[in-house]
Ligand SMILES: Nc1ncnc2c1ncn2[C@@H]1O[C@H](COP(=O)(O)OP(=O)(O)OP(=O)(O)O)[C@@H](O)[C@H]1O
Ligand SMILES: Nc1ncnc2c1ncn2[C@@H]1O[C@H](COP(=O)(O)OP(=O)(O)OP(=O)(O)O)[C@@H](O)[C@H]1O
Ligand SMILES: [Mg+2]
Ligand SMILES: [Mg+2]
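Protein chains in written order, with this note's numbering: chain A, 143 to 491; chain B, -10 to 306; chain C, 3 to 513; chain D, 5 to 304; chain E, 670 to 998.
What follows is the structure, given as structure tokens:
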């Protein structure tokens, strides 16, 4: 399809271009269509947020990008990273990409760290294997990395085992490991879900900072819209294996057009929510990923679903300069852009 | 810091005490007495009685046990009335054989089991895995007393690589010693391989599903590296526990192989002591085995700390 | 030894015997070399009083350490003198005079004289010593040193052929009194005798290493420089070790192994023992207190079948008490298979309210179990008879000697000369009489055989014994024992005496 | 980087890529299913044969049907698998041997599991003293050389199926204590146990109704492996001469009987060995299969 | 912060009143004082929110109140009865009046029992007859919005997180409790389901006349549901007061820091205030004096030497701080 592309687009070729990515997982109950036709792009230096309910396929997508898939699963489509199709790489070529070009921070802190291996080795083994740096140099770099992610007393920490670190420290180490081989793209899959608010705050600040300082691209995945809101340039809202809405963060939060995005925002309890007043709900739950409905996948839960929504599967269509929505009947753009983005200042400042 | 160690040692002593008491009780219930064995079939009841008095067998059971215990506590395990040998000497004489056998079998079993388990766990359910599982089932269903003769038939009689029976101590040349030890070692190791493989395979598959394994792979390091440097160690808890228990059990539990290959080990000594009602010898060996067992288990507990810096609670076992 | 339990042959018990058989020697013996010898078991001690002098208990070690006073020819039973010059009686076995060679010395330098013999024999007789030879030793009332080389022995009752008892038991071995007095542990570490070999090292249950005694009286014997003796408990592994070249000599007793060795071309020497193993039936209690029950089981039993199942078709029947080679041989069949008669008897007993139902107590060894099972299987074809098999271990079995709490048991009576084993096995007053038959005629005949001096008288007496045994059926003879030595093709000088005891000093290896 | 030159969606946004290749997911079959069914089939057959041995047209296990050590041959059912050293039918002995081997395996396994659970569960649940005590007992049992136990037991009691059961049960009790204790510890820490306590449930109810049902399947899945080990162990005892008294056959005993004839009459060893192997293999397959199903329950 | 004191207690009218509660966990490395002299009370019909970072002792407090966990020291009064010493028998009866909902909905349901058994469990333990149980459980099932017929025979693993939490709530309601302690009932659920459960608890509270203690680490969640909030740090109470007041004018620097760390759904702002530095200190050796001083931007020397007590900073708002923040408005 590259021939269809206007010639000037070639010069601005994105760092990552995903086209029609599908990742299906075989289970005894049937094939789970966890990712089912996702197309997106990430430019250099850009932070993309991916949000969606639990089970919407965010993690599977992130892993599919790296080729780290569960057994009995398969992907199709294209994942072009710096001009190479990652899906068609051999195992060996894949592992050259891992760490060096794309690095990943997994959901849940601590679990990605091997409990029985010292921080030093976990930090340096990638460098030594991928970049071929020597032992002492790797150590030096490790100290630098820990310092960069804000770990105090890095020399001592290198000798620690993961359990000797607090949750926040562990997540910093995990990020340092991801940064070790100076990747061009960092995928952070719910990096703060299990952390306390205060620590979450620290980690989110850190991610944004290193992304900017290193001129790196970032995919930040979260089910919490607020986490993504202030830290990304663009947002993709996922629903049942597909993108429901995508666009610049500002537009999506200020003027969400997809009913699902709106509902999600409304259901988020805010600090200034009035006491004892019911929250707005999204009725029902995600469709069974083995038996996805015809038509719009959100139709069954959508208050504005029309007859046609049940048959017609809407494609992502542009609704603004940088704003696409997959909805046959998108919400009108609000006149006052801040009404729905309810993250006001709790203290009224 | 001192207290847990003291408690641990105390517990171990209690275990040893319980075991020796159990043995005394058990053997006292068995018919026949060592005096009859010593004096032979033609002995008269009078001479048997006289000898029993001399050996203190006419005392009440707890009295005998107490005498034995107080002497044992001072390091005197007594002399066997049957062989006249001091029990400690007898144990020390047999120990190298049994220890070498048990250790070699364990090392062999662990080495093979680790390789098999790794090969299995890489792709659970694959043909390789299924083949290995079948082989492991064969090993499980082949008792030592059948593995022994089969091994002898092929490797000693047909191929002539190893001697059929006999043991030459390591002091008389490592080569001959190892040659003699190979077949018995293999005969013992087969079952252990199967047990270890099953255990480690399950644990490895579990560990390979952990996030940190995926994370390690995502760093771009090779699969082999991940398997051996990341997955193996945290998967080896149950394996080490079982290996510890089995090492304890192999000391004194290899009687079948010792008989088949005519090896002068503890197992044979124990078996013959039991059948000749040589309680003194049995007690001595049992104490020894129990002490080895609790010590190995303490080492196993210590090794948890080595494997996992979090030093899991021993309670988890 | 204690290891006996895992081993095939049944009852301990002392034997008596007659003379030796030897291989056709190939050329002149050469000196030097080491022989690796496999035994069936290991002695529990090296103290001569505490071991046994038969193939089962490892007579070989005793012969090596202590030499022999005398030996016999396994065919004719004729006594040959070694360290003893003579052992004579003038009064029909009431007293004996033992004359020793001059200048015999133990390896610790003390003399092997009449006093030393007296010390050893008195010691064996002392119940406190716990010797398995006590029965034979107790036939002596007293011993008296006449001079340095002469010992006078007074018997409790006349035993004309006491020499046979002496040579086939541990009385044949004299150890240094000085060394014996040092205590058992010290003695086991450094046994002192005047035999052809001295102990170099004993690793229990592994090996006994012996070195040539340079001062042995009968130079240039022994021919071999050293011997390594190993016990090989497992029947199968014993022959496999031998045939795979893992040993030079194997003491063997299993008919199947002997056949296998012979088939593969290994020279084998077997002492033609009379008697054999028998299944003793306890006549003290039901069902075998009724002679009909004993006869019925005997008639139902077929040796050929048992031979097939236990020894793979090898073996030698013991249908007569004595071997054909024995001077006491006569063609009196002890038992004969007669299935119809057996069934009739079983039915008859059942009708009398005395059904033949009994328990066969057997050792845990494969061979013994197979024997018991074979009988059980054979009897399974008959009606009104029921056999249970119970495996008892060694100590348990010994206890039965005192308690007699059994119906059937495997025992043995092996001998070359019937003195003294036959008497102890079947005399009503003998403790070793397992079946407990106490028949006046039998007792009288046994006594007669013991005390009689002329061959004719003994012959007549033992003829009566055979008739009575055939009539009384105290046990069913399973087959002859086969004390044998299997040797490598280059091993020569195999001489057995007594109850299958192998002489070490004659062995030599062709280089 | 300005917001405007970043494209949200590639130009292909107007489709989900339906025309493109669908990923081909490897078929999820139960890979072992055939083997598992065969295994269950074999186990069923063995149990059936054991139960019906008396009814089947087989010769008695105690009576010779031909000359000893006949090789397997077609023609006569009794000689199908050959004869043993006493000329008895190996087929018949295998069939009757199944009774002993299965009873020993199943009964010792079950009783051991029951005792082990009864001791291990309170130990894990109540902790402290009870735990110390039970662990002490388990440790002592494990430190007790099994050989002594079995040899001594068979000296004290008449060797019989019952004696065997007592001995083998004692041998496996400590493993079950450990297993039950570890499982109880794990399950007792779950919130639903607290929830039950909070409903007013007493300890007994919590133990029997909440905790036990959850680890019984684990124990159950372990059972086939234990049974397999027990069947083999019974054979080792026969080798030491401590098996059940003849003429009753057991598979292990049959192997022990034949082991000296391995070179001349290999069928005497290999037939029962093969039967044990198939059974052990089938038990293991069944165990794995059961555990697998159980695990899935947990995973949800 | 990290203060003790009972100044904020409201006396006898409270349904539940906890005074100076202490829970120790002795361990190999030393003793963790998970809850250290915590006092609070809940008036009938009120909802008290408890918030704080992980490990601050929220769960331990909840469990201690129900005597499901050890109580090292302190007094607990429920409906006028001092229950910290009540025997097991009495507790069994009392517990039915005080029910708990757990954090992980699926883990709090026995995976081997069908939904209908789980819901009726409390009644079965109390020994009520089968038909009564069936009727009661059908009622509560419909109350929590589950179709009783459809779910009756399902196993917990067949339920989604939200459904499982509803079952857990139904189980608690079935025994007719007066007090409901919810230990982070929605932390494991995602936004849409979380909203459903929160609304449900609000509904049921009105219907069943419940008093609720609602534990959470998410300030937003607590805000919507609670009348009063209590903020905890390292086993101590920091602040207690009317939720509207506390959110609008936090008096304790820690409360303030928590509020500032909540991410906003506003792409421009990110956070409301500056970040709190550092990590929670080890509970094995908590800082002396005020436990929050190591991270407090306003800490002074006095904070290290003197432990602050709860005192009223504004009407209806108590804080344990030597230097409470002034109201912002
Ligand atoms: N290994 C697997 N086997 C089978 N199904 C899977 C597997 N991993 C994920 N799925 C299914 O794929 C779908 C997407 O899962 P995914 O983990 O990507 O969701 P998510 O958006 O990351 O949710 P969460 O917020 O809970 O992390 C879900 O329906 C899930 O059940
Ligand atoms: N059973 C226990 N044994 C030892 N320490 C415990 C135990 N339970 C809790 N703790 C410790 O007590 C402290 C308080 O734990 P608690 O679970 O009450 O915290 P929490 O506020 O509920 O945290 P979270 O938000 O993570 O649930 C922690 O330091 C914890 O490590
Ligand atoms: Mg995810
Ligand atoms: Mg908690």
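The beta carbon of each residue, even a glycine, is placed where N, CA and C say it ideally should be.
From residue i to residue j, what does the alpha carbon distance come to, in whole angstroms?
i, j, result
"residue 26/D", "residue 362/A", "27 Å"
"residue 272/C", "residue 103/C", "30 Å"
"residue 237/A", "residue 248/C", "57 Å"
"residue 221/D", "residue 832/E", "26 Å"
"residue 27/C", "residue 494/C", "In this prediction, residue 27/C has a pLDDT of 48, which is less than 50 and means its spatial position is unreliable; what the coordinates show is noted afterwards. Spanning the two alpha carbons is a distance of roughly 6 Å."
"residue 72/C", "residue 146/D", "55 Å"
"residue 99/C", "residue 477/C", "37 Å"
"residue 838/E", "residue 813/E", "7 Å"
"residue 312/A", "residue 304/A", "7 Å"
"residue 699/E", "residue 693/E", "10 Å"
"residue 898/E", "residue 196/A", "29 Å"
Give the C-beta separation of residue i and residue j to the nearest angstrom, bearing in mind that I take them to be a contact with Cβ-Cβ under 8 Å.
i, j, result
"residue 158/C", "residue 145/C", "The pair is not a contact, with the Cβ atoms about 12 Å apart (cut-off 8 Å)."
"residue 968/E", "residue 674/E", "Wrong, their Cβ atoms sit about 19 Å apart, outside the cutoff."
"residue 151/B", "residue 171/B", "5 Å"
"residue 281/C", "residue 483/C", "No, residue 281/C and residue 483/C are not in contact; Cβ-Cβ is about 14 Å, not under 8 Å."
For residue i, return the contacting residues in chain F, with the cut-off set at a CB-CB distance below 8 Å.
i, result
"residue 77/B", "No chain F is part of this structure, whose protein chains are labelled A, B, C, D and E."
Per DSSP, which residues does residue i bridge with? Please list them.
i, result
"residue 83/C", "72/C"
"residue 222/A", "159/A and 227/A"
"residue 384/A", "381/A"
"residue 980/E", "988/E"
Is residue i near ligand 2, going by C-beta to nearest heavy atom under 7 Å?
i, result
"residue 78/B", "no"
"residue 451/A", "no"
"residue 882/E", "no"
"residue 886/E", "yes"
"residue 723/E", "yes"
"residue 952/E", "yes"
May I ask whether a heavy atom of ligand 4 can be found less than 7 Å away from the beta carbon of residue i?
i, result
"residue 852/E", "yes"
"residue 772/E", "yes"
Answer yes or no: the CB of residue i versus the heavy atoms of ligand 3, is any distance below 7 Å?
i, result
"residue 859/E", "no"
Residues whose Cβ lies closer than 5 Å to any heavy atom of ligand 1, in chain order: 167/A, 169/A, 174/A, 176/A, 196/A, 197/A, 198/A, 199/A, 200/A, 201/A, 202/A, 212/A, 365/A and 431/A
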